[in-house]
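Here's the structure we're looking at; comments come further down.
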Amino acid sequence: MEFEFRHHFDATPEALWQALLDPERVGACVPGMQSVTVISDTEYRARIRVKIAFISAHFDIGTVITETDPPHLLRAEASGEDGKIGSSVSAKVEMRLTPTGDGQTELCVKARADVLGRLGTLGLNPMRTKAEGMWGQFCEALAVQLSGGSPPAASSSSPAPATRTAAKAPVPQTAQPGRSGWLSWFAPRSEVFRVEVERNGNRVVLSCPPDQAELCLGWLDRHLQGGRS
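The working numbering applies: residue 2 is where the sequence shown begins, and numbers increase by one.
Next comes the structure, spelled out in structure tokens:
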């Protein structure tokens with residue numbers, strides 16, 4: 002997967018560069034960040050919690066800065082895993098800082114990421130939506146920090162327990178038997194969310210509106226886990 006994000010900050014390239022290379026300042030702006038450990042000037046370890054659809058993950062991420070051209074260019078590589086859910090992530094990231102001539106600096110971030118395991122089965126759309134949301138929160142917090150304020154506490158975007166249990170998940174209907182195996186896909190947000198699972202000769206079809214998709218998928222996840230031997 003490839004991502005590219007841009008944002009303009011009211012700061013000089015030098016000021017923005019200094020902030021980006023400060024792991025504590027950056028960590029305070031990243032949603033879901035739980036801890037940052039400095040190994041050296043070019044190596045860090047972090048623990049971050051993310052939730053995508055119905056899957057929550059806690060990744061231990063190692064990051065190594067591979068190239069710098071202060072205050073214009075930084076390249077880094079990161080990788081980590083969550084053994085509990087059998088998922089791993091690796092990424093190559095490039096950050097470019099460009100003065101815009103009006104006292105601002107454009108930050109352009111390009112990333113090539115590989116997500117494997119259970120999270121990887123979700124597909125590109127949920128990943129991109131999550132990445133866009135985290136980027137927006139990060140830029141907002143960093144902008145506040147650059148202006149001399151204190152960024153709000155980073156959020157993992159995890160819904161409160163009351164929210165998760167407020168509504169009942171739809172009960173799926175069992176259709177005619179089909180071939181063994183399973184298949185699932187995600188519909189666009191503007192359409193009905195639909196998931197099909199074929200297992201042990203039976204097919205389960207789950208349909209629900211987009212605003213209840215997380216509850217539906219949570220029900221399906223528990224159902225599948227309960228059926229494992």
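We treat Cβ as the ideally placed atom computed from N, Cα and C, and that holds for glycine.
- Inclusion of Met135 and Gly33 in the CB contact set at 9 Å is warranted, their separation being smaller than that value.
- By the neighbour-count criterion, in which a residue is buried when 16 or more other Cβ atoms sit within 10 angstroms of its Cβ, Val116 is buried.
- If you check the CB distance, Leu74 and Glu44 do not come in under 9 Å.
- The shortest C-alpha to C-alpha distance from Pro14 to any of Glu107, Cys30 and Val31 is the one to Glu107.
- Comparing alpha carbon positions, the residue from Ala29, Ile49, Ile53 and Gly84 closest to Arg129 is Ile53.
- Going by DSSP, Cys140 is part of no beta strand (DSSP E) but of the alpha helix (DSSP H) stretching over Leu125 to Leu147.
- Lys85 and Leu120 have their C-alpha atoms spaced approximately 12 Å apart.
- Cβ atoms of Gly87 and Gly118 come within 8 Å of each other, at about 4 Å.
- At a Cβ-Cβ threshold of 9 Å, Val65 and Ala47 do not count as neighbours.
- DSSP places Gly63 within a strand segment (E or B) once states are collapsed to three.
- Going by beta carbons, Phe4 and Ala112 fall inside the 9 Å limit.
- The Cβ atoms of Asp23 and Ala144 lie no closer than 9 Å to each other.
- In the displayed model, Arg119 falls within coil according to three-state DSSP, outside both helix and strand.
- Here Ile40 has Arg46 as same chain residues with Cβ atoms under 7 Å from its own Cβ, once five neighbours each way along the sequence are excluded.
- Per DSSP, Gln19 is one residue of the alpha helix (DSSP H) stretching across Pro14 to Leu21.
- A straight-line Cα-Cα distance of about 23 Å links Asp42 and Thr99.
- Taking 3 residues as the shortest admissible run, the segment 77-118 contains the following complete beta strand (DSSP E) segments, listed from N- to C-terminal end: 88-100 and 106-118.
- Excluding the 5 residues flanking it on each side, Ser36 has same chain C-beta neighbours closer than 6 Å at Arg48, in chain order.
- Here Val39 carries a strand assignment [DSSP, helix/strand/coil].
- Beta-carbon to beta-carbon, Thr101 and His9 are separated by about 7 Å, close enough to satisfy the 8 Å threshold.
- For Val27, the enclosing alpha helix (DSSP H) begins and ends at Pro24 to Gly28.
- Here Asp11 carries a coil assignment [DSSP, helix/strand/coil].
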